[in-house]
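S.K.: Numbering (the UniProt record's numbering), first residue to last: 1 to 625. From the three backbone atoms N, C-alpha and C, an ideal C-beta is built for every residue, glycine too.
1. Are the stretch 113 to 125 and the stretch 56 to 68 touching, with three or more C-beta to C-beta distances below 8 Å?
2. Run the CB neighbour count on residue 418, radius 10 Å, all protein chains shown included, and call it buried at 16 or more, exposed below.
3. Does DSSP put residue 346 in a helix, in a strand, or in coil?
4. Nearest-angstrom Cα distance between residue 622 and residue 515?
5. Can you check which of these residues, 589, 312, 459 and 169, is closest to residue 156 by C-alpha distance?
6. With 16 other CB atoms within 10 Å as the buried threshold, where does residue 293 fall?
7. Are the stretch 97 to 104 and the stretch 201 to 212 touching by the rule of at least three beta carbon pairs closer than 8 Å?
8. Which whole-angstrom value describes the C-beta separation of residue 77 and residue 30, a residue pair presumed to lie in contact below a C-beta threshold of 8 Å?
9. Measuring only the C-alpha atoms, how far is residue 469 from residue 154?
10. Could you tell me the alpha carbon to alpha carbon distance between residue 25 and residue 518, rounded to whole angstroms?
11. State the DSSP-derived secondary structure class of residue 115, mapped to helix, strand or coil.
12. Which same chain residues, not among the five before or five after residue 7, have their C-beta less than 8 Å away from its C-beta?
13. For residue 496, does the count of other Cβ atoms within 10 angstroms reach 16, so buried, or fall short, so exposed?
14. In terms of residues, what are the limits of the beta strand (DSSP E) holding residue 87?
15. Would you kindly work out how many angstroms separate the C-alpha atoms of residue 296 and residue 135, rounded to a whole number?
16. What ranges does the beta strand (DSSP E) occupy inside the stretch 13 to 71, keeping only unbroken runs of at least 3 residues that lie completely in it?
17. Taking the beta carbon of residue 23 as the centre, do at least 16 other beta carbons fall within 10 Å, making it buried, or is it exposed?
18. By the DSSP assignment, the beta strand (DSSP E) with residue 504 in it spans what residues?
19. What does DSSP give as the partner residue(s) for residue 449 in the beta ladder?
20. Go ahead and label residue 177 buried or exposed: buried means 16 or more other beta carbons lie within 10 angstroms of its beta carbon, across all protein chains shown.
21. If you reduce the DSSP assignment to three classes, tell me which class residue 545 lands in.
22. Quick one: Cα of residue 49 to Cα of residue 28, how far?
23. Going by the C-beta, is residue 458 closer than 7 Å to any heavy atom of the ligand MG?
24. Taking just the CA atoms, how far does residue 420 sit from residue 274?
25. Do the CB positions of residue 549 and residue 579 come within less than 8 Å of each other?
26. Going by beta-carbon coordinates alone, are residue 15 and residue 232 separated by less than 8 Å?
27. Where do the N-terminal and C-terminal ends of the alpha helix (DSSP H) with residue 230 fall, by residue?
28. Any chance the stretch 599 to 617 sits against the stretch 558 to 577, with 3 or more Cβ pairs inside 8 Å?
29. Sort out for me which residues DSSP pairs residue 107 with in a bridge.
30. Taking Cβ positions, are residue 38 and residue 61 nearer each other than 8 Å?
31. Where do the ends of the beta strand (DSSP E) carrying residue 192 lie?
32. Taking contact to mean 3 or more Cβ pairs, one atom from each stretch, closer than 8 Å, check whether the stretch 588 to 596 and the stretch 608 to 621 are in contact.
33. Please determine if the stretch 241 to 253 and the stretch 137 to 153 are in contact, where contact requires at least 3 C-beta pairs separated by less than 8 Å.
34. Assign residue 212 to one of three DSSP states: helix, strand, or coil.
35. Can you give me the C-alpha to C-alpha distance between residue 426 and residue 465, rounded to a whole angstrom?
36. Would you kindly check if the distance between the Cβ of residue 382 and the Cβ of residue 265 is under 8 Å?
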């Protein structure tokens with residue numbers, strides 16, 4: 001490709017987009033459309049017969065019924081013309097233009113205030129049972145001395161010269177009447193969101209962060225990082241969260257690959273790769289995966305409420321998605337899709353003002369001061385394209401360092417659920433199966449329900465998921481009801497969901513309908529049985545613990561801030577069998593027509609969860625509980 005092709009192709013006075021992936025730069029030019037909803041992307045492609053390059057704002061998550069600030073539109077470029085070229089050839093065409101910052105780059109929340117916010121979040125939200133992990137971000141603002149197109153292209157060129165990104169993005173919303181109103185989004189994002197092509201759907205959960213900083217100490221810090229329980233658990237939690245999504249959009253199953261290391265800018269991350277069977281409606285699949293748990297949290301619906309509560313400004317396009325939707329020929333068929341998460345990016349206005357937003361996954365073990373430093377390090381990875389720092393282009397992860405930690409990385413999988421870590425095929429236990437059994441799973445605002453559904457269907461059952469507030473126990477035709485996990489205080493009868501759970505349990509008991517309670521469902525059964533359910537002194541969110549259940553030593557995943565306790569009243573209940581932990585918490589119970597699990601047998605953290613859920617459902621089906 002001649003070096004001058006880009007100059008001849010592009011009209012810089014009109015909207016355009018440039019996406020780089022795997023060493024190939026593709027330039028798109030065409031009319032820019034302002035859209036309000038996801039379905040309009042498919043409609044636009046169908047109408048024009050063209051590929052559509054789009055930016056999704058964070059607020060689009062409201063299409064899932066979740067809370068979000070902002071009113072930004074979807075920006076969609078109908079690609080009338082495209083040009084692809086080698087990255088190095090493209091870089092050679094871009095002349096270096098001076099990039100200077102006027103004044104300081106200032107965070108909207110100081111390090112001290114952000115650390116205080118993290119501590120408040122841990123006490124009130126994790127301690128209150130509302131979340132196991134949430135990403136709270138802050139915004140860094142500054143001003144370029146000049147934001148002409150040559151300056152923007154120079155910033156993009158510097159990002160291209162970095163390493164580790166999945167996609168490098170420049171989206172230019174050009175205002176031909178007033179250049180000061182031009183809008184540019186540039187990003188070197190490490191994270192694929194959802195890619196659907198051929199017969200596959202792929203997602204990549206990324207979590208855990210090591211700041212590169214001093215090169216001399218990096219090898220020792222890398223060894224500590226891959227063994228750090230906080231970082232390991234953070235990745236496992238987002239793996240669980242994205243498995244919920246894949247369980248919803250790819251019900252036929254798939255496989256988990258990894259974990260892997262990814263170096264991007266000023267940090268190193270860990271990641272898995274999830275591969276499932278292609279869903280028919282790619283736009284609906286995209287909607288079901290908004291937004292990634294790595295930029296929201298878990299459970300997602302509760303995490304979005306927390307973000308709306310703690311973050312004072314709209315996220316705009318930060319943590320939304322950039323993507324390309326391939327043109328289709330018929331209304332019945334949906335196009336291929338390739339999307340990345342809009343992080344490690346900048347939004348730049350034509351008048352020079354720019355915004356960089358960054359945050360981290362906050363869990364119970366997060367150190368508030370370290371989290372403040374981490375968010376700044378992520379932001380600096382992008383701002384280095386402006387300030388000229390060399391850290392983004394200097395590779396720290398040599399092949400030798402990769403090899404030195406490979407065994408420790410892969411060793412993380414040894415005690416995870418073999419059901420999830422093995423490639424998914426119809427997976428029915430030897431002997432009896434659940435081929436004849438219909439199961440209703442009550443979703444208490446946590447899509448772990450879809451992982452439970454996936455397990456049960458691999459056992460041969462027919463499982464349906466229904467929201468708590470839409471569940472009618474009087475009309476339920478299933479043989480067994482699973483009361484699923486969810487956030488919140490099970491004692492709070494002012495919460496419509498908690499009140500409905502108690503009403504449902506009463507009716508199901510009266511109808512002699514067998515029940516399995518998991519996490520919140522277990523706690524709700526305990527409340528109904530007049531057992532004490534108390535807030536834990538310390539949350540057990542995203543922890544794998546060794547406990548005894550049904551007389552069997554097990555390794556199981558816990559996501560709890562409340563638990564039923566084995567006090568004098570519980571000891572007097574000879575009609576219920578209990579398993580307890582070393583803290584006197586009731587982690588499993590079995591009574592007439594019900595079984596309760598405080599842990600999450602469906603979690604990837606639960607090495608022995610598949611067998612336990614099978615035993616429980618079989619007991620309930622055979623009237624042994």
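M.R.: Reading from the atomic positions:
1. no
2. In the chain shown, counting from the first residue as 1, residue 418 sits at position 418. Residue 418 comes out exposed.
3. To locate residue 346, count along the chain shown from 1; it is residue 346. Strand, per DSSP.
4. As a first step, residue 622 is located in the chain shown; it is residue number 622 there, counting from the start. As a first step, residue 515 is located in the chain shown; it is residue number 515 there, counting from the start. So the alpha carbons of these two residues sit roughly 13 Å apart.
5. Here residue 156 refers to the residue found at position 156 of the chain shown. Taking only the C-alpha atoms, the option nearest residue 156 is 169.
6. For the purposes of this step, residue 293 is identified with residue 293 of the chain shown, where counting begins at 1. It counts as buried.
7. no
8. Numbered from 1 along the chain shown, position 77 holds the residue referred to as residue 77. Numbered from 1 along the chain shown, position 30 holds the residue referred to as residue 30. Between residue 30 and residue 77 the Cβ distance is about 6 Å, and since that is below 8 Å, they are a contact.
9. Taking the first residue of the chain shown as 1, we reach residue 469 at position 469. Taking the first residue of the chain shown as 1, we reach residue 154 at position 154. Answer to the nearest angstrom: the Cα atoms are 53 Å apart.
10. Numbered from its first residue, the chain shown carries residue 25 at position 25. Numbered from its first residue, the chain shown carries residue 518 at position 518. Taking the straight line from one Cα to the other gives about 48 Å.
11. In the chain shown, the residue the question calls residue 115 occupies position 115. DSSP places residue 115 in helix when its eight states are reduced to three.
12. By 1-based counting over the chain shown, the position of residue 7 is 7. Excluding residues within five positions, the ones whose Cβ falls inside 8 Å are 93.
13. The count along the chain shown starts at 1 and reaches residue 496 at position 496. It is exposed - the Cβ of residue 496 has fewer than 16 other Cβ atoms within 10 Å.
14. In the chain shown, counting from the first residue as 1, residue 87 sits at position 87. From DSSP, residue 87 is part of no beta strand (DSSP E) but of the alpha helix (DSSP H) over 87 to 93.
15. Counting from 1 along the chain shown, the entry for residue 296 is found at position 296. Counting from 1 along the chain shown, the entry for residue 135 is found at position 135. Approximately 5 Å, taken between the alpha carbons.
16. 16 to 21, 24 to 29, 32 to 35 and 52 to 56
17. Locating residue 23 in the chain shown gives position 23, where the first residue counts as 1. Exposed.
18. The count along the chain shown starts at 1 and reaches residue 504 at position 504. Careful: residue 504 lies outside any beta strand (DSSP E), inside the alpha helix (DSSP H) at 496 to 510.
19. Working through the chain shown from its first residue, we reach residue 449 at position 449. Residue 449 pairs with nothing; no bridge assigned.
20. Position 177 of the chain shown, counted from the start, is the residue given in the question as residue 177. That one is exposed.
21. The residue given as residue 545 occupies position 545 in the chain shown. Three-state DSSP puts residue 545 in a strand.
22. Numbered from 1 along the chain shown, position 49 holds the residue referred to as residue 49. Numbered from 1 along the chain shown, position 28 holds the residue referred to as residue 28. Their backbone Cα atoms lie some 15 Å apart in a straight line.
23. Judged by which ligands are present, the structure shown has none, so any question about the ligand MG falls away.
24. Along the chain shown, one-based indexing puts residue 274 at 274. Along the chain shown, one-based indexing puts residue 420 at 420. One C-alpha to the other measures close to 10 Å.
25. Sequence index remark: in the chain shown, residue 549 carries index 549 (1-based). Sequence index remark: in the chain shown, residue 579 carries index 579 (1-based). In this structure, residue 579 lies closer than 8 Å to residue 549 by Cβ.
26. For the purposes of this step, residue 15 is identified with residue 15 of the chain shown, where counting begins at 1. For the purposes of this step, residue 232 is identified with residue 232 of the chain shown, where counting begins at 1. No, they are not a contact pair.
27. As a first step, residue 230 must be located in the chain shown, where it is residue number 230. Per DSSP, residue 230 belongs to the alpha helix (DSSP H) from 229 to 249.
28. yes
29. Within the chain shown, the letter at position 107 stands for residue 107. Paired residue(s): 140.
30. The sequence position of residue 38 within the chain shown is 38, counting from 1. The sequence position of residue 61 within the chain shown is 61, counting from 1. Cβ distance not < 8 Å, so residue 38 and residue 61 don't count as in contact.
31. Along the chain shown, one-based indexing puts residue 192 at 192. Residue 192 -> beta strand (DSSP E) spans 192 to 197.
32. yes
33. no
34. Taking the chain shown and counting its residues from 1, one reaches residue 212 at position 212. Note: residue 212 maps to coil in three-state DSSP.
35. Walking along the chain shown from the start, residue 426 turns up at place 426. Walking along the chain shown from the start, residue 465 turns up at place 465. Because residue 426 carries a pLDDT of 49, less than 50, the predicted location of this residue cannot be relied on, and the following value inherits that uncertainty. Those two C-alpha atoms are separated by around 20 Å.
36. Numbered from its first residue, the chain shown carries residue 265 at position 265. Numbered from its first residue, the chain shown carries residue 382 at position 382. Yes, the pair counts as a contact, with Cβ atoms nearer than the cut-off.
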